[in-house]
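> Letter by letter, the sequence shown follows residues 15 to 238 in our numbering.
The structure under discussion is supplied below as structure tokens; questions concerning it will follow.
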Amino acid sequence: MKNKLVITNDGSHSIFNAKINECYHSKHGAIVEAEHVFIRNGFSAVNKKQLNILEIGFGTGLNTLLTLQKAVQKKIIVNYHTIECYPLEKSHYSKLNFTDLIGIDQDDLLKLHTSKWEEELKINNFFNLTKLNTDLQTYVSEVKFDIIYFDAFSPEKQPELWTNTIFMKMHNYLKEDGFLITYCAKGIVKRTMKSVGFEIIVLDGPPGKRQMTRANKLIPKNRF
Ligand SMILES: C[S@@+](CC[C@H](N)C(=O)[O-])C[C@H]1O[C@@H](n2cnc3c(N)ncnc32)[C@H](O)[C@@H]1O
């Protein structure tokens with residue numbers, strides 16, 4: 015069963031994963047969704063000059079590309095770590111139309127895909143990329159993050175990635191004022207996040223979705 019390139023409603027590409035039977039993005043628009051969930055409610059919601067970001071699921075590289083573009087525009091230094099256990103084939107990533115639609119050079123996207131795994135690469139003065147070819151379950155980090163873009167397949171398709179154990183790990187890898195952001199707003203997911211110490215904020219979802227979630231790491235009160 016093969017991955018297939020598809021077009022979403024805003025004209026941007028996505029990938030349909032036949033094995034999982036799910037698309038990488040919403041059919042209502044890959045770029046529209048990524049900008050709403052991860053850029054507007056993630057990257058742009060923080061007022062810092064330097065950010066450590068962790069992405070779960072590099073996939074097409076769309077979240078990485080949009081964050082790179084914003085980092086340069088806003089002159090914010092970003093250390094971007096992204097993990098992926100099933101990298102896309104060249105025949106797919108080389109055809110993605112994101113760069114035309116957001117007005118940047120196609121080489122910028124190709125560079126993200128062809129950069130070596132497990133090595134930090136300085137893309138420009140504002141963006142350092144570390145891609146890790148691993149799965150979330152075995153991933154270990156010594157870095158603490160300001161934001162986690164939690165962009166795994168849905169809890170229906172990959173329940174093993176939306177568990178207590180995984181969210182405890184995510185909570186642990188965040189800075190004290192950090193947060194996790196995700197397109198998912200399922201009750202069971204919010205309750206699981208809450209049970210490991212997250213404060214849950216429900217936000218308006220992207221087109222086609224009523225809600226999404228921001229999970230804040232709470233500073234333990236007894237410390238002050
Ligand atoms: C919903 S897609 C989102 C991809 C990406 N953020 C994008 O914008 O294209 C989920 C991604 O998570 C990856 N993935 C699936 N299982 C994983 C795991 N156990 N650990 C890390 N990544 C995983 C998939 O291969 C896929 O690329």
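Note that beta-carbon positions come from the ideal geometry of N, C-alpha and C, so glycine has one too.
Since we're looking at a predicted model, the values are computed, not measured.
With distances taken from CA atoms, which of 192, 224, 179 is nearest residue 198?
Start at 1 with the first residue of the sequence shown, and residue 198 comes out as number 184. Taking only the C-alpha atoms, the option nearest residue 198 is 224.
> Quick one: Cα of residue 89 to Cα of residue 63, how far?
Mapped onto the sequence shown, residue 89 falls at position 75. Mapped onto the sequence shown, residue 63 falls at position 49. So the alpha carbons of these two residues sit roughly 8 Å apart.
> Just list the beta strand (DSSP E) runs in the segment 123-199, keeping only unbroken ones of 3 residues or longer that don't cross its boundaries, in chain order.
Correct list: 134-138, 141-146, 159-164, 188-196.
> Can you name the start and end residues of the alpha helix (DSSP H) that residue 47 belongs to?
As a working note, residue 47 is residue 33 in the sequence shown. Segment 44-48, the alpha helix (DSSP H) holding residue 47.
> Under three-state DSSP, which class holds residue 121?
Here residue 121 is taken as the residue at index 107 of the sequence shown, counted from 1. DSSP places residue 121 within a helical segment (H, G or I) once states are collapsed to three.
> Going by the C-beta, is residue 187 closer than 8 Å to any heavy atom of ligand 1?
To locate residue 187, count along the sequence shown from 1; it is residue 173. No - ligand 1 has no heavy atom lying nearer than 8 Å to the Cβ of residue 187.
> Are the CB atoms of residue 132 and residue 144 nearer to each other than 9 Å?
The residue given as residue 132 occupies position 118 in the sequence shown. The residue given as residue 144 occupies position 130 in the sequence shown. For residue 132 and residue 144, yes; Cβs fall inside 9 Å.
> Less than 6 Å between C-beta atoms, sequence neighbours within five positions excluded: which residues of the same chain meet that for residue 219?
Working through the sequence shown from its first residue, we reach residue 219 at position 205. Result list for residue 219: 225, 226, in chain order.
> Candidates 185, 36, 217: which alpha carbon is nearest residue 9's?
Nothing in the structure corresponds to residue 9, since the chain is present only between 15 and 238.
> Mind the definition here: the segment 37-46 touches the segment 54-61 only if three or more C-beta pairs lie below 8 Å; say whether that holds.
By the criterion of at least three beta-carbon pairs nearer than 8 Å, the segment 37-46 is not in contact with the segment 54-61.
> Could you please give me the residues that DSSP links to residue 213 through a beta bridge?
The residue labelled residue 213 in the question sits at position 199 within the sequence shown. Residue 213 is bridged to 230.
> Tell me which residues share the same chain as residue 162 and place their Cβ nearer than 6 Å to its Cβ, disregarding the 5 neighbours each side in the sequence.
Taking the sequence shown and counting its residues from 1, the one referred to as residue 162 is at position 148. 68, 184, 194, listed in sequence order.
> Note down the Cα distance separating residue 238 from residue 66, rounded to an integer number of angstroms.
Within the sequence shown, numbered from 1, the residue matching residue 238 stands at position 224. Within the sequence shown, numbered from 1, the residue matching residue 66 stands at position 52. At residue 238 the pLDDT is 49, less than 50, meaning the model places this residue with poor confidence and gives no usable figure here.
> Counting only the same chain and skipping the five closest in sequence on each side, list residues whose C-beta sits under 6 Å from that of residue 192.
Mapped onto the sequence shown, residue 192 falls at position 178. Cβ within range, chain order: 159, 160, 231.
> Which residues in the same chain as residue 166 place their Cβ atom closer than 6 Å to its Cβ, once the five residues preceding and following it in sequence are excluded?
Position 152 of the sequence shown, counted from the first residue, corresponds to residue 166. Excluding positions up to five away in sequence, the list reads 70, 71, 172, 175.
> Let me confirm a value: residue 229 is counted as buried when at least 16 other C-beta atoms fall within 10 Å, else exposed. Which label applies?
Counting from one through the sequence shown, the residue named residue 229 turns up at place 215. Buried: at least 16 other Cβ atoms inside 10 Å.
> Alpha carbon to alpha carbon, how far is residue 38 from residue 127? Give it in angstroms, no decimals.
On the sequence shown, residue 127 is found 113 positions in, with the first residue counted as 1. On the sequence shown, residue 38 is found 24 positions in, with the first residue counted as 1. So the two alpha carbons sit approximately 16 Å from each other.
> Do residue 74 and residue 102 have their beta-carbon atoms positioned less than 9 Å apart in this structure?
Mapped onto the sequence shown, residue 102 falls at position 88. Mapped onto the sequence shown, residue 74 falls at position 60. In this structure, residue 102 lies near residue 74, with their beta-carbon atoms less than 9 Å apart.
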